[in-house]
Amino acid sequence: MKMIVLSGGTGTPKLISGLKQIDEDFNIIVNTGEDYWISGNLISPDIDSVIYTLAGIIDKERWWGIKDDTFVTHEEISRMAYNAKVKGEWMQIGDLDRATHIFRSDLIRENKNKTEATLILAKYFGIKQKVLPMCNEDINTIIKTGEGEMHFQEFWVYRRGEPLVEDVYFRNIEKAKITKEIDRLLKEEDTVLIGPSNPISSILPILSVENFRERLKDKYVISISPIIGEKPISGPAASFMQVKGLEVSSNGVAEFYKDILDVFVVDYRDNMIDKKKIKDIDLYATDILIENDEKSKKLAQFIRNLL
10 MKMIVLSGGT GTPKLISGLK QIDEDFNIIV NTGEDYWISG NLISPDIDSV IYTLAGIIDK
70 ERWWGIKDDT FVTHEEISRM AYNAKVKGEW MQIGDLDRAT HIFRSDLIRE NKNKTEATLI
130 LAKYFGIKQK VLPMCNEDIN TIIKTGEGEM HFQEFWVYRR GEPLVEDVYF RNIEKAKITK
190 EIDRLLKEED TVLIGPSNPI SSILPILSVE NFRERLKDKY VISISPIIGE KPISGPAASF
250 MQVKGLEVSS NGVAEFYKDI LDVFVVDYRD NMIDKKKIKD IDLYATDILI ENDEKSKKLA
310 QFIRNLL
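Here the numbering used here runs 9 ahead of the position in the sequence shown, where the first position is 1.
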């Protein structure tokens with residue numbers, strides 16, 4: 010059965026790695042709210058993590074960048090910035106990874122849109138699946154903190170997630186339109202898998218594009234929780250969910266998706282599950298902690314068996 014996967018940049022690529030091992034018949038719509046221009050080039054971290062995962066070249070120690078990459082250019086830029094006493098390139102960028110950013114940026118400067126640029130890159134890396142950005146417009150995930158507003162990348166990478174979060178919003182989201190490629194997928198496919206990504210910063214931007222969320226109400230939607238107990242598996246989901254008034258647990262995730270969700274998969278060790286709070290949703294428990302390729306494959310097979 011074909012399906013559409015909604016992805017952020019860490020949790021879902023781990024699952025995609027397993028899906029690819031058992032069946033290549035799926036396509037991915039990816040968050041672009043965390044895209045960021047740095048050192049003259051557009052970095053699209055979630056898209057690149059998905060592409061590198063499907064190409065089998067992602068650095069699985071960090072789940073970003075390319076395995077065995079070097080950082081010669083980044084280190085030289087950092088030395089220059091240190092000597093000049095300027096901010097410099099605070100995001101660590103590998104040399105091979107930078108080539109992707111440069112090529113993408115050149116395509117955009119030549120008036121390709123984000124979808125066209127992404128499809129060209131995916132073809133170069135030999136990927137069979139469609140990897141589609143959530144929209145072609147520039148959307149920025151902005152974190153409101155006690156120290157002012159800042160882009161997600163500045164908050165999470167440069168400031169290491171330390172400022173106190175007051176709110177999260179998506180700048181220019183009202184301008185975002187569903188692309189013709191995504192419109193076609195939504196018309197063709199009936200099954201949608203929301204991966205174990207941050208519900209607020211990774212999935213909500215996708216759901217907020219035009220009438221995307223409304224269109225999922227007619228789909229068979231499966232979600233995998235990114236939380237075990239009260240602790241997110243990775244990333245800043247806890248503080249982001251709190252400022253949106255959600256319980257930091259799988260219960261909170263289910264509540265967030267309840268208007269579109271049919272099946273919810275949680276971890277078998279999760280003792281926070283309250284079935285009274287997860288009404289009218291089929292609930293399944295398994296091992297959702299993806300620590301290696303074998304666990305990724307087992308979880309992917311579990312999802313396939315549900316279908």
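The beta carbon of each residue, even a glycine, is placed where N, CA and C say it ideally should be.
Residues of the same chain with a CB within less than 8 Å of the CB of ILE151, apart from the 5 flanking positions on each side, are GLU158, MET159, HIS160, PHE161, VAL177, TYR178, PHE179, ARG180 in chain order. Taking 8 Å as the upper bound for CB-CB distance, SER206 and THR21 are in contact here, some 5 Å apart. A residue is called buried when at least 16 other Cβ atoms come within 10 angstroms of its Cβ; VAL81 does not meet this threshold and is exposed. In this structure the region 185-193 touches the region 135-148; the number of beta carbon pairs closer than 8 Å is three or more. ASP57 places its beta carbon 8 Å or farther from that of GLU43. Your pair ILE86 and SER53 does not check out as a contact, with CB atoms roughly 20 Å apart and the cut at 8 Å. Judged by their CB atoms, ILE38 and ILE203 are not nearer to each other than the 8 Å cut-off.
Per DSSP, reduced to three states, the secondary structure at LEU141 is strand.
Taking 8 Å as the cut-off, the beta carbon of GLY238 is found no closer than this to the beta carbon of MET250. GLY97 carries a coil assignment under DSSP once its states are collapsed to helix, strand and coil.
Counting C-beta pairs with one atom in each stretch, the region 220-233 and the region 192-201 have three or more that are closer than 8 Å, which means they touch. ASP291 carries a strand assignment under DSSP once its states are collapsed to helix, strand and coil.
Distance from the Cα of ASN149 is smallest, within the candidate group ILE136, VAL166, LEU255, TRP46, for TRP46.
Cα atoms of ILE117 and ASP147: separation of roughly 12 Å, rounded to the nearest angstrom. For ILE60, the enclosing alpha helix (DSSP H) covers residues 54-64. Under the rule that a run must span 3 or more residues, the beta strand (DSSP E) segments found entirely inside the region 149-195 read 149-154, 157-160, 174-180. Spatial neighbours of PRO208 in its own chain (CB-CB distance under 6 Å, excluding positions within 5 residues in sequence) are listed in chain order as VAL262, PHE265. A distance below 8 Å separates the beta carbons of LEU195 and ARG224. Just measuring C-alpha positions, the residue of SER217, ASP68, GLU98, LEU128 sitting nearest LEU105 is ASP68. As the crow flies, the alpha-carbon of GLU84 is around 17 Å from that of VAL166. Restricted to the region 189-265, the beta strand (DSSP E) segments that are unbroken, complete and at least 3 residues in length are 200-203, 229-233, listed in chain order.
Around the beta carbon of VAL95, a 10 Å sphere encloses fewer than 16 other beta carbons of the protein chains shown; the residue is thus reported as exposed.
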